[in-house]
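Data first, discussion second: the structure below is written as structure tokens.
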Ligand SMILES: Cc1cc2nc3c(=O)[nH]c(=O)nc-3n(C[C@H](O)[C@H](O)[C@H](O)COP(=O)(O)O)c2cc1C
């Protein structure tokens, strides 16, 4: 059984801190995580992606509608992401339920992206996952793009955020004899976090 953590122990603040410490240790993509989904066939699928956080520290990510993860999430909204902090030998695993990112948030996320990436995305976003050996040259299509077209978000830019997080596990391999493993889970009412230290 878990105990209620002190108010100062917010797992999302702890996660933000670990991401920041990993970045300061020289890892530029410290907000990268592996997303696990399960589709209609019950087979798990994982892939790496960039994770961002809103003001309430809710994790979200962006993707393209033609990818396999979108098919999976359309059928089963349960998902898990794991941050593998290799420099600091730490990991954080989150389990919960996904929902689509609201349009307004998506538009501001699009405009916050690097201009060069937005232009590339206009070319590859709606083709992601399709065979690349067709006669469509992505470089050619990129050159054909009209100036400023990246200022409008394309329908191929979509994303998901956690509508509910049921469990967050922090694991840290330090210099001691034993690693530390701390698990946050929701209490019966789903309002508060319960916290337990578990044997590593
Ligand atoms: C550094 C890095 C960052 C990535 N970021 C994203 C991302 O933010 N969103 C995304 O959909 N795919 C991203 N990818 C590609 C995915 O790992 C994956 O190959 C792709 O989304 C197709 O996955 P799926 O077919 O399982 O859906 C990234 C890959 C790498 C190596």
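Numbering (our numbering), first residue to last: 30 to 229. From the three backbone atoms N, C-alpha and C, an ideal C-beta is built for every residue, glycine too.
Assigned secondary structure, residue 45 (DSSP; H/G/I helix, E/B strand, else coil): Indexing the chain shown from 1 puts residue 45 at position 16. The answer is helix: DSSP assigns residue 45 an H, G or I state.
Residue 61 Cβ short of 7 Å to ligand 1 heavy atom set: Indexing the chain shown from 1 puts residue 61 at position 32. Yes, Cβ of residue 61 sits closer than 7 Å to a heavy atom of ligand 1.
Simplified DSSP state of residue 100, which is helix, strand or coil: Within the chain shown, the letter at position 71 stands for residue 100. Residue 100 falls in the helix class under three-state DSSP.
7 Å Cβ shell around residue 170 - same chain, five flanking residues per side excluded: Numbered from 1 along the chain shown, position 141 holds the residue referred to as residue 170. Correct list, in chain order: 152.
Exposure label - residue 80; buried when at least 16 CB within 10 Å: Taking the chain shown and counting its residues from 1, the one referred to as residue 80 is at position 51. Buried is the call here.
Residue environment, residue 89, which counts as buried when at least 16 other CB atoms sit within 10 Å: Here the question's residue 89 lines up with position 60 in the chain shown. It is buried - the Cβ of residue 89 has at least 16 other Cβ atoms within 10 Å.
Contact check, residue 47 vs residue 119, beta carbons under 8 Å: By 1-based counting over the chain shown, the position of residue 47 is 18. By 1-based counting over the chain shown, the position of residue 119 is 90. A contact, by the Cβ cut-off of 8 Å.
Beta-carbon proximity of residue 185 to residue 124, cut-off 8 Å: Reading the chain shown from its first residue, position 156 is the one you call residue 185. Reading the chain shown from its first residue, position 95 is the one you call residue 124. No.
Entirely enclosed alpha helix (DSSP H) segments - the segment 91-138, minimum 4 residues: Listed in chain order, the alpha helix (DSSP H) elements of length 4 or more contained wholly in the segment 91-138 are 97-104.
Proximity test, residue 78 beta-carbon vs ligand 1 heavy atom, cut-off 7 Å: If you number the chain shown from 1, residue 78 lands on position 49. Yes, ligand 1 has a heavy atom inside 7 Å of this Cβ.
Stretch-stretch touch, CB-based, cutoff 8 Å, three pairs: the segment 95-105 with the segment 197-206: With a cut-off of 8 Å, the segment 197-206 and the segment 95-105 do not count as touching, because too few Cβ pairs lie within range.
C-beta contact flag for residue 122 and residue 109 at 8 Å: Here residue 122 refers to the residue found at position 93 of the chain shown. Here residue 109 refers to the residue found at position 80 of the chain shown. Cβ distance < 8 Å, so residue 122 and residue 109 count as in contact.
Of the residues 69, 92 and 209, the one placed nearest residue 77, counting alpha carbons only: For the purposes of this step, residue 77 is taken as residue 48 along the chain shown, with counting starting at 1. It is 92 whose Cα lies nearest to the Cα of residue 77.
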